[in-house]
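Quick note: the sequence shown uses my numbering, first residue 25, plus one each step. All C-beta atoms in this analysis are idealised placements derived from N, C-alpha and C, irrespective of residue type, glycine included.
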Amino acid sequence: MAKSSNKMALALNLILVISLMISISECKKHGVGTDGFDADCNSVYGAEFGDSCNSVVEKFGLSSLDFFLSINPNCNCDAFFEGQWLCVDGNPNE
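So, in C-alpha coordinates, the structure goes:
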(Lines of atoms letter the chains of each structure in order from A; the text may use other names.)
(Lines give C-alpha, C1' and ligand atoms only; values in the text may rest on other atoms or scores of the structure.)
Protein backbone atom coordinates (compact mmCIF):
# COMPACT_ATOMS: atom_id res chain seq x y z
CA MET A 25 0.00 0.00 0.00
CA ALA A 26 2.81 2.41 0.85
CA LYS A 27 4.47 1.86 -2.53
CA SER A 28 1.35 2.76 -4.48
CA SER A 29 0.79 5.94 -2.45
CA ASN A 30 4.44 6.93 -3.00
CA LYS A 31 4.02 6.39 -6.74
CA MET A 32 0.82 8.45 -6.69
CA ALA A 33 2.52 11.29 -4.80
CA LEU A 34 5.45 11.22 -7.22
CA ALA A 35 3.09 11.33 -10.21
CA LEU A 36 1.15 14.27 -8.75
CA ASN A 37 4.36 16.18 -7.99
CA LEU A 38 5.59 15.56 -11.53
CA ILE A 39 2.31 16.87 -12.95
CA LEU A 40 2.54 19.98 -10.77
CA VAL A 41 6.13 20.69 -11.86
CA ILE A 42 5.28 20.26 -15.54
CA SER A 43 2.22 22.52 -15.17
CA LEU A 44 4.31 25.20 -13.50
CA MET A 45 6.95 25.02 -16.22
CA ILE A 46 4.31 25.38 -18.93
CA SER A 47 2.74 28.35 -17.15
CA ILE A 48 6.08 30.13 -16.81
CA SER A 49 6.99 29.56 -20.44
CA GLU A 50 3.59 30.88 -21.57
CA CYS A 51 4.04 34.03 -19.49
CA LYS A 52 7.45 34.68 -21.01
CA LYS A 53 6.24 33.89 -24.53
CA HIS A 54 3.29 36.26 -24.31
CA GLY A 55 5.10 38.95 -22.36
CA VAL A 56 2.70 38.95 -19.45
CA GLY A 57 3.11 42.17 -17.51
CA THR A 58 4.80 44.10 -20.28
CA ASP A 59 1.63 45.40 -21.96
CA GLY A 60 3.30 44.89 -25.34
CA PHE A 61 6.07 47.27 -24.35
CA ASP A 62 9.60 46.31 -25.16
CA ALA A 63 12.81 48.29 -24.95
CA ASP A 64 16.13 47.90 -26.74
CA CYS A 65 18.82 47.78 -24.07
CA ASN A 66 22.46 48.45 -24.90
CA SER A 67 23.93 48.28 -21.41
CA VAL A 68 22.81 46.77 -18.10
CA TYR A 69 23.78 47.28 -14.47
CA GLY A 70 23.41 44.86 -11.57
CA ALA A 71 21.65 46.69 -8.74
CA GLU A 72 23.55 46.98 -5.48
CA PHE A 73 22.25 47.16 -1.93
CA GLY A 74 20.71 50.58 -1.32
CA ASP A 75 20.14 51.46 -4.98
CA SER A 76 16.96 53.27 -5.95
CA CYS A 77 15.60 54.43 -9.28
CA ASN A 78 16.82 57.96 -8.58
CA SER A 79 20.30 56.86 -7.51
CA VAL A 80 20.72 54.77 -10.68
CA VAL A 81 19.52 57.70 -12.82
CA GLU A 82 22.14 59.91 -11.14
CA LYS A 83 24.92 57.29 -11.19
CA PHE A 84 24.63 56.79 -14.95
CA GLY A 85 23.70 60.37 -15.90
CA LEU A 86 20.39 59.40 -17.46
CA SER A 87 18.21 62.23 -18.74
CA SER A 88 15.28 61.63 -16.38
CA LEU A 89 13.46 59.16 -14.17
CA ASP A 90 10.79 58.86 -16.89
CA PHE A 91 13.45 57.77 -19.39
CA PHE A 92 14.84 55.22 -16.92
CA LEU A 93 11.36 53.78 -16.40
CA SER A 94 10.73 53.71 -20.16
CA ILE A 95 13.74 51.43 -20.71
CA ASN A 96 12.89 49.39 -17.59
CA PRO A 97 9.12 48.95 -18.05
CA ASN A 98 8.69 46.30 -15.33
CA CYS A 99 10.84 48.06 -12.77
CA ASN A 100 9.44 48.53 -9.27
CA CYS A 101 11.34 51.43 -7.71
CA ASP A 102 10.28 50.33 -4.24
CA ALA A 103 11.58 46.78 -4.56
CA PHE A 104 15.04 46.48 -6.13
CA PHE A 105 16.96 43.39 -5.16
CA GLU A 106 20.72 43.05 -5.14
CA GLY A 107 21.91 41.83 -8.55
CA GLN A 108 18.71 42.82 -10.37
CA TRP A 109 19.56 43.70 -13.98
CA LEU A 110 18.60 47.25 -14.86
CA CYS A 111 18.89 48.79 -18.31
CA VAL A 112 21.02 51.95 -18.13
CA ASP A 113 21.41 52.67 -21.85
CA GLY A 114 18.76 51.94 -24.42
CA ASN A 115 15.85 53.01 -26.55
CA PRO A 116 12.21 52.62 -25.56
CA ASN A 117 10.06 51.02 -28.25
CA GLU A 118 6.49 52.13 -27.89
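Output the distance between the C-alpha atoms of residue i and residue j, rounded to the nearest integer angstrom.
i	j	result
L89	G107	20 angstroms
K27	I42	23 angstroms
G60	P97	Any reading at G60 must be qualified, since the residue scores a pLDDT of 49, below 50, and its modelled position is unreliable; the value itself is stated next. When rounded, the distance between both Cα atoms is 10 angstroms.
L38	S29	14 angstroms
A85	S79	Checking the sequence shown, residue 85 turns out to be Gly, not Ala. One C-alpha to the other measures close to 10 angstroms.
G114	Y69	12 angstroms
V81	S67	13 angstroms
Run through DSSP, which three-state label would residue i get?
i	result
A33	helix
C101	coil
N96	coil
D75	coil
L86	coil
Report yes if the CB atom of residue i is closer than 8 angstroms to the CB atom of residue j, and no otherwise.
i	j	result
C77	F92	yes
S94	P116	yes
A119	F104	Here the chain covers residues 25 to 118 and nothing more, so residue 119 does not appear.
Using the beta-carbon count (16 or more within 10 Å), is residue i buried or exposed?
i	result
L110	buried
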